[in-house]
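Residues in the sequence shown are numbered consecutively from 201, following our numbering.
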Amino acid sequence: MSRPVAGAALVAAAFASSTLEALGVAVLARLLGQRASQNVSSPPSPADGAGRGVLVLAAAYDAPRRSAIARLAGRIGDPWPWVAATFTALALCCIVRVAGVEGTWLTAIQLLPTLALLALVPALVDAELAPLDAGLAEATGVACALALAERLDGELRGLDIWVVLTGAGSANRAGLRAWRRRHRRALAARPVATIELGAPEPAAAAATVAGFAELARELDAAAGARD
Numbered sequence: 201m202s203r204p205v206a207g208a209a210l211v212a213a214a215f216a217s218s219t220l221e222a223l224g225v226a227v228l229a230r231l232l233g234q235r236a237s238q239n240v241s242s243p244p245s246p247a248d249g250a251g252r253g254v255l256v257l258a259a260a261y262d263a264p265r266r267s268a269i270a271r272l273a274g275r276i277g278d279p280w281p282w283v284a285a286t287f288t289a290l291a292l293c294c295i296v297r298v299a300g301v302e303g304t305w306l307t308a309i310q311l312l313p314t315l316a317l318l319a320l321v322p323a324l325v326d327a328e329l330a331p332l333d334a335g336l337a338e339a340t341g342v343a344c345a346l347a348l349a350e351r352l353d354g355e356l357r358g359l360d361i362w363v364v365l366t367g368a369g370s371a372n373r374a375g376l377r378a379w380r381r382r383h384r385r386a387l388a389a390r391p392v393a394t395i396e397l398g399a400p401e402p403a404a405a406a407a408t409v410a411g412f413a414e415l416a417r418e419l420d421a422a423a424g425a426r427d
């Protein structure tokens, strides 16, 4: 196998693995140790089985790490599209080399995405070792989920409420994804709507609960209309 082909294969494998990890499909992560995480849920009562659907109220209670990449994501949004664009540029350079094109200009172009990906290595290490955040926003999200469940208790006619408080929310919502896999049969039995409370600012807690309560009523009305 020639060097350009080997390089293209390595880039393709890294790109595919990173894409799957970003989508929540563990690939290389299966080879590494996993921290224990606990999900706390309050499923609907069996007596509520007459409901036409399930409304999942989810919030993550874990505090994220104060890493540089987390602060950057807070300003520019999800960094994955930038990583994907960098991988794509590097893959295109590899394809051009496999086609037999060489030159200093191509090396210079290929150097840019390569350096960008190498710069991510210390950022990823920092994401794992950075100190934990105070978790005030996450605590507010949990409080909002509980307050929302209390406000909607007995009010909805077409939806039963299932409260889920998850761990590993900062790890690409791993806790919620694990909960969904574990309860996939129960969730597949009836129509499901999910409201994720996220991490609202404490000052916005009341407005958050009021807004999502109105959304829940609209979902409930839609569930009743479909019946």
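Yeah, the Cβ is synthetic: ideal placement off N, Cα and C, and Gly gets one too.
These numbers were taken from a predicted model, which means no experiment stands behind them.
ask   = Is R252 near G358, with beta carbons less than 7 Å apart?
value = As a working note, residue 252 is residue 52 in the sequence shown. As a working note, residue 358 is residue 158 in the sequence shown. Yes. Within cutoff.
query = Taking just the CA atoms, how far does A258 sit from N239?
reply = As a working note, residue 239 is residue 39 in the sequence shown. As a working note, residue 258 is residue 58 in the sequence shown. For N239 and A258, the distance between alpha carbons rounds to 10 Å.
task = Tell me whether D262 sits in a helix, a strand or coil according to DSSP, three-state version.
result = Stepping through the sequence shown from its first residue, residue 262 is reached at position 62. The DSSP-derived three-state label of D262 is coil.
message = Below 8 Å, how does it come out for the segment 201-213 and the segment 286-295: are there three or more Cβ pairs, yes or no?
response = yes
message = From the DSSP secondary-structure annotation, give me the bridge partner or partners of W362.
response = Translated into the one-based positions of the sequence shown, residue 362 becomes position 162. V256, per the DSSP bridge assignment.
key: Rounded separation between A343 and A308 - CA only   = Locating residue 343 in the sequence shown gives position 143, where the first residue counts as 1. Locating residue 308 in the sequence shown gives position 108, where the first residue counts as 1. For A343 and A308, the distance between alpha carbons rounds to 52 Å.
Proximal residues to R390 (C-beta, below 6 Å), its chain only, five neighbours per side dropped = On the sequence shown, position 190 is the one that residue 390 refers to. So the list reads G253 and V254, once near-sequence residues are dropped.
Beta-carbon proximity list for Q310, same chain, < 7 Å, skipping 5 on both sides = What you label residue 310 is simply residue 110 of the sequence shown in a count that begins at 1. L290 and C293.
ask   = Are the CB atoms of A432 and E338 nearer to each other than 7 Å?
value = Missing from the structure shown is residue 432; the chain here goes from 201 to 427 and no further.
task = Go ahead and pull the three-state DSSP assignment for V392.
result = Position 192 of the sequence shown, counting from 1, holds the residue named residue 392. It is a strand residue.
message = Going by beta-carbon coordinates alone, are P313 and T286 separated by less than 7 Å?
response = Your numbering for residue 313 matches position 113 in the sequence shown. Your numbering for residue 286 matches position 86 in the sequence shown. Going by C-beta atoms, P313 is nearer than 7 Å to T286.
ask   = Which word fits T366, buried or exposed, when buried means at least 16 other C-beta atoms lie within 10 angstroms of its C-beta?
value = The sequence position of residue 366 within the sequence shown is 166, counting from 1. Buried, since its Cβ has 16 or more Cβ neighbours within 10 Å.
query = Thinking just about the alpha-carbon of each residue, which of D326, T219, E302 and P281 is nearest to the one in R266?
reply = Taking the sequence shown and counting its residues from 1, the one referred to as residue 266 is at position 66. Of the listed residues, the one whose Cα sits closest to R266 is D326.
query = Whole-angstrom Cβ separation of A429 and V363, contact assumed at under 8 Å?
reply = Because the chain spans 201 through 427 in this model, residue 429 falls outside it and cannot be assessed.
message = Between the alpha carbons of A216 and A422, how many angstroms are there, rounded?
response = Position 16 of the sequence shown holds residue 216. Position 222 of the sequence shown holds residue 422. Whole-angstrom Cα-Cα distance: 39 Å.
ask   = Helix, strand or coil: how does DSSP classify V205 here?
value = By 1-based counting over the sequence shown, the position of residue 205 is 5. V205: helix per DSSP, three-state reduction.
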